[in-house]
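Have a look at the structure below before the remarks.
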Amino acid sequence: MENTNGTDNASAARRARFGALPERIRYADMVEEKQATPDDPARYTHDPEGSWRFYSCLAVDLGL
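Numbering (my numbering), first residue to last: 1 to 64.
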């Protein structure tokens, strides 16, 4: 004895929920445009006093 009414109700509920594809999202809605910040030349200047922090050498790391 199968319960075809219950199966039909479940099938109808599943079809109502998943039967159609979602709405398309436009490319313009997925992209956010922001104003670029102006270039700061002082940001990338060489700092001889602080350059030792970024120095990497295996011999120095091993204490040789």
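Each residue gets a CB set at the ideal place from its N, CA and C atoms; glycine is no exception.
- Under the three-state reduction of DSSP output, Pro-41 falls in the helix class.
- In the structure shown, Leu-21 falls within a coil segment according to DSSP collapsed to helix, strand and coil.
- Judged by DSSP secondary structure, Leu-58 falls within the alpha helix (DSSP H) whose first and last residues are 58-62.
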